[in-house]
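S.K.: Supplied in structure tokens, the structure appears directly below.
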């Protein structure tokens with residue numbers, strides 16, 4: 001019956017997570033691979049046992065299937081060490097370094113507790129937050145800000161690209177940079193007054209090579225130049241400002257796809 005469905009969904013989430021972890025460790029750590037494969041198998045057995053009772057109502061109708069979400073993690077905290085990422089208490093990513101982005105991982109829609117620890121540690125996480133993901137959407141979740149004020153910044157990535165145009169947006173993840181404008185060199189402003197943690201909406205532009213300027217908002221003061229940025233037709237780009245103004249690691253742009 002439908003009032004059992006949350007329990008079924010929880011076991012399904014666990015099954016998907018264990019399958020993800022089993023595949024991740026397949027060549028990295030055979031023992032962990034076997035452990036997570038066995039956990040996945042046990043969850044699948046539970047689902048088979050639950051299905052006749054838990055997911056059918058008296059008319060034999062099953063809940064609608066929902067597409068998974070896809071999530072990747074980006075480490076752009078300039079003074080944070082290598083980190084391990086735990087999802088609902090399970091180590092999912094390890095030794096993630098500054099400037100590194102993980103592959104997309106498929107997960108069921110729902111809420112997930114994210115714990116980030118210094119690599120190799122399992123006590124005193126540097127960050128614990130909950131992230132909600134929706135069915136059929138792709139997400140990039142950035143660990144951003146200085147270590148003392150670390151935060152997760154999730155954004156939704158596009159899954160549809162125009163055939164004859166490029167799509168571009170700007171993401172401000174430099175913790176000490178002021179609000180900025182993004183403009184074509186010597187020309188029009190594309191995105192205005194974007195502050196730390198904010199992301200501008202996608203903008204369709206003509207494909208080609210273009211030089212972009214990151215300017216202090218409302219001024220002509222250029223703080224970063226992106227020379228010969230190649231934008232291809234049918235592709236989407238997220239230009240991401242990371243690093244420290246007048247510090248280390250230096251202020252720079254990281255271009256993400258899709």
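In full-length UniProt numbering, the protein residues as written are 1 to 258.
Idealized CB from N, CA, C, for every residue including glycine.
(1) In the DSSP assignment, what residue or residues form a beta bridge with residue 74?
(2) Alpha carbon to alpha carbon, how far is residue 83 from residue 182?
(3) Measure the CB-CB distance between residue 133 and residue 176 and report whether it falls below 8 Å.
(4) Select from 104, 184, 125 and 89 the residue whose C-alpha is nearest the C-alpha of residue 138.
(5) Among residues of its own chain, excluding the 5 on either side of residue 247, which ones have a beta-carbon nearer than 8 Å to its beta-carbon?
(6) At a cut of 8 Å, does the region 205–215 reach the region 158–169 through at least three beta carbon pairs?
(7) So, helix, strand or coil for residue 167, using DSSP?
(8) The beta strand (DSSP E) with residue 135 in it runs from where to where?
(9) Take the Cβ of residue 106 as the centre, count every other Cβ of all protein chains shown within 10 Å, and call the residue buried at 16 or more, exposed below.
(10) Thinking C-alpha only, which one of 28, 135 and 14 is nearest residue 39?
(11) Taking the alpha carbon of residue 109 as the reference point, which residue from 140, 212 and 67 has its own alpha carbon closest?
(12) Please report how far the alpha carbon of residue 97 lies from the alpha carbon of residue 75, in whole angstroms.
(13) Between residue 196 and residue 45, what straight-line distance do the alpha-carbon atoms span, to the nearest angstrom?
M.R.: Looking at the coordinates:
(1) 101 and 142
(2) 31 Å
(3) no
(4) 104
(5) 78 and 176
(6) yes
(7) strand
(8) Unbroken run through residue 135: none, as it is neither H nor E.
(9) exposed
(10) 14
(11) 67
(12) 6 Å
(13) 46 Å
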